[in-house]
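K.L.:
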Amino acid sequence: QVQLKESGPGLVQPSQTLSLTCTVSGFSLTSYNVHWVRQPPGKGLEWMGRMRYNGDTSYNSALKSRLSISRDTSKNQVFLKMNSLQTDDTGTYYCTRAGYFDYWGQGVMVTVSS
Amino acid sequence: DIQMTQSPSSMSASLGDRVTITCQASQDIGNNLIWFQQKPGKSPRPMIYYATNLANGVPSRFSGSRSGSDYSLTISSLESEDMADYHCLQYKQYPLTFGSGTKLEIK
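Those protein sequence lines, which keep their order, are chains A and B. Letter by letter, the first sequence follows residues 1 to 114 of our numbering. Letter by letter, the second sequence follows residues 1 to 107 of our numbering.
Following this line, the structure appears as structure tokens:
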């Protein structure tokens, strides 16, 4: 069945780089788009960016200068890297599959703190 | 970027009430809108896609509608399990944008 799972460090120091991995199963990254969405504690959802099935990417305008999304199709993995982290980057980070965003990972909580 | 203005930010309603949550789009998005339900500690769950289509397994008391640039999610008769946060998402144009969310509480 379709599954997505985020992994990465729970704690990142300010000004450092966040690296997250979304490992997928049950579908091919060359057939579906995968998106990253984040949610600060107690707040709403924010769309971050997308890895298209053909390898193209799109990014949130406000994050574009700090964000990079890539993939390794042989490992069924999509990667998120975001630099210059600040405390307001704290939150839960999700990967989700398009179609209609019907499959989501469980999310990974990232805390930015020294 | 397309702005999605969601209202109300929070609301409280009684069991059996009819509840409506609205998102207004700043530009034409056609019917390219999804409504999500999110319960505490859980990932979002799509409830309505393409503005009016019920997602798989969603109870029929949920419905979606559109009037011009205003999109609504309606629960016809509120049940206790509907207590959750609700979010709209436009997927007409990149960058995709969410509404600010609505917290629905039961009185």
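We put the beta carbon where it would ideally sit given N, CA and C, even for glycine. Owing to the predicted nature of the structure, the values given are computational and were not obtained by experimental measurement.
1. State whether the region 63 to 70 of chain A contacts the region 50 to 69 of chain B, with contact taken as three or more CB pairs (one from each stretch) at a distance under 8 Å.
2. Got a sec? Which residues, its chain only, sit under 6 Å from A/Thr-90 by beta carbon, not counting five neighbours each side?
3. Just how far apart, CA to CA, sit B/Leu-89 and A/Gly-26?
4. Applying the 10 Å Cβ sphere with the 16-neighbour rule, what's the burial state of A/Asn-60?
5. Determine the closest residue to B/Ser-80 out of B/Gly-99, B/Leu-33, B/Arg-45, B/Lys-107, with distance taken between C-alpha atoms.
6. Can you tell me which of A/Gln-106, A/Ser-7, A/Met-109, A/Met-51 puts its alpha carbon nearest to the alpha carbon of A/Ser-28?
7. Would you kindly report the start and end of the unbroken beta strand (DSSP E) that includes B/Thr-5?
8. Whose C-beta lies closer than 7 Å to the C-beta of B/Ala-55 among residues of the same chain, with five residues either side of it excluded?
9. Can you say whether A/Gly-42 is buried or exposed, counting buried as having 16 or more other CB atoms within 10 angstroms of its CB?
10. Leaving out five residues on either side along the sequence, give the residues of the same chain with a beta carbon under 7 Å from the beta carbon of A/Ser-31.
11. Taking only beta-carbon atoms, is B/Ile-2 less than 8 Å away from chain A?
12. What residues of chain A sit near B/Gly-64, judged by a beta carbon separation below 9 Å?
13. Going along chain A in order, which residues have a C-beta closer than 9 Å to the C-beta of B/Ala-55?
14. Could you check the C-alpha separation between B/Gly-41 and B/Leu-78 for me, to the nearest Å?
P.N.:
Considering the structure as presented:
1. no
2. The beta carbon of A/Thr-90 lies closer than 6 Å to those of Thr-111, Val-112 in the same chain, with the five residues before and after it left out.
3. In a straight line, the C-alpha of B/Leu-89 is about 25 Å away from that of A/Gly-26.
4. By the Cβ-count criterion, A/Asn-60 is buried, with 16 or more other Cβ atoms from all chains shown falling within 10 Å of its own Cβ.
5. B/Lys-107
6. A/Met-51
7. In the DSSP annotation of this structure, the continuous segment of the beta strand (DSSP E) that includes B/Thr-5 starts and ends at 4 to 7.
8. Pro-46, Met-47, Ile-48, Tyr-49
9. Taking every protein chain shown into account, the CB of A/Gly-42 has fewer than 16 other CB atoms within 10 angstroms, so this residue is exposed.
10. Tyr-53
11. no
12. Result: empty, since nearest Cβ-Cβ is about 12 Å, beyond 9 Å.
13. Tyr-100, Asp-102
14. Whole-angstrom Cα-Cα distance: 21 Å.
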